[in-house]
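Those letters in the sequence shown? Residues 175 to 396, per my numbering, in order.
Reviewing the structure listed below.
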Amino acid sequence: MLKIWGRRNSAHTQRVLWLCEEASLPYELILASATMGPDGHISGGGSAFGVVDTPAYRAMNPNGTIPTIDDDGFVLWESNTISRYLAQAYAPQALFGDDIKTLGLASQWMDWTNTQLEPALHILVMELVRLPENERSSANLEATRQGVLPALQRLNDHLADRAYVAGNEFTIGDIAPATAVRRWYVFALDAPPMPYLAAWQARMAERTGFRSHIEPPEFHLR
Ligand SMILES: N[C@@H](CCC(=O)N[C@@H](CS)C(=O)NCC(=O)O)C(=O)O
């Protein structure tokens, strides 16, 4: 069976778990992290799940990051790469209409998420959730909130005349940005109305994989 090392409150792991639901792929999740454990972030005093620092894990993924997968002996890391591999191997029709250009467009928004949304979201989760109170900076929080708005607005504008990021069908390309945008909504920070973004997010909530792995606020608030 497919093995996935990660944790349920890791946005990069969440993408892969959601994709497995879309592809009807059974998997085993092995909890792994240097920074998070059963009681949340280690800055709160608890211990980490570990595993990522072991020689066996580093032999699979020298970065020590999550997620990593082992698909019958084939090991892969980088969540977008894992997602593309699983989609192409197991569910090309369901996840990109088995069309190379659709996969290209989907891929564009997957990688856009990493460069345009995630650096800001990482700062927001640290400032709002994970850092001890005395290490938080309201100025950093506010600058980051303002900084991410143009990217969210750009996605909102893109969705004005299409239901999903790569066209009018759900694809693999929706998973990464919708996971990031869910986190943004859970944080409930001030923002101008973005109706197309909200409608797209509501469409995601119709999907079992989103409801199981992305929607629960506790997956973003620990
Ligand atoms: N670009 C990588 C990023 C991997 C990454 O930084 N993952 C985070 C969790 S979302 C991590 O490994 N955090 C440290 C840890 O939990 O030990 C990917 O998409 O897989």
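C-beta atoms are modelled at their ideal positions from N, C-alpha and C, and glycine is treated no differently.
Heavy atom of ligand 1 within 7 Å of residue i beta-carbon
| i | result |
| --- | --- |
| residue 300 | no |
| residue 226 | yes |
| residue 392 | no |
| residue 374 | no |
| residue 179 | no |
| residue 208 | yes |
| residue 289 | no |
| residue 365 | no |
| residue 353 | no |
| residue 294 | no |
| residue 332 | no |
| residue 346 | no |
Assumed close pair residue i, residue j - CB separation to whole angstroms, cut-off 8 Å
| i | j | result |
| --- | --- | --- |
| residue 195 | residue 383 | 3 Å |
| residue 254 | residue 288 | 7 Å |
| residue 357 | residue 295 | 6 Å |
Local conformation of residue i per DSSP, three classes
| i | result |
| --- | --- |
| residue 331 | helix |
| residue 248 | strand |
| residue 387 | helix |
| residue 216 | helix |
| residue 221 | coil |
| residue 193 | helix |
| residue 203 | strand |
| residue 234 | helix |
| residue 256 | helix |
| residue 397 | Nothing in the structure corresponds to residue 397, since the chain is present only between 175 and 396. |
| residue 305 | coil |
| residue 349 | helix |
| residue 176 | strand |
Inset, instruction - Taking 8 Å as the threshold, find out whether the segment 364 to 375 comes into contact with the segment 320 to 336 through three or more Cβ pairs. - result: yes
Inset, instruction - Would you check if the segment 374 to 388 and the segment 303 to 322 touch, i.e. whether three or more CB-CB distances between them fall below 8 Å? - result: no
Legend entry - Stretch pair the segment 215 to 233 + the segment 272 to 288: three plus CB contacts closer than 8 Å: no
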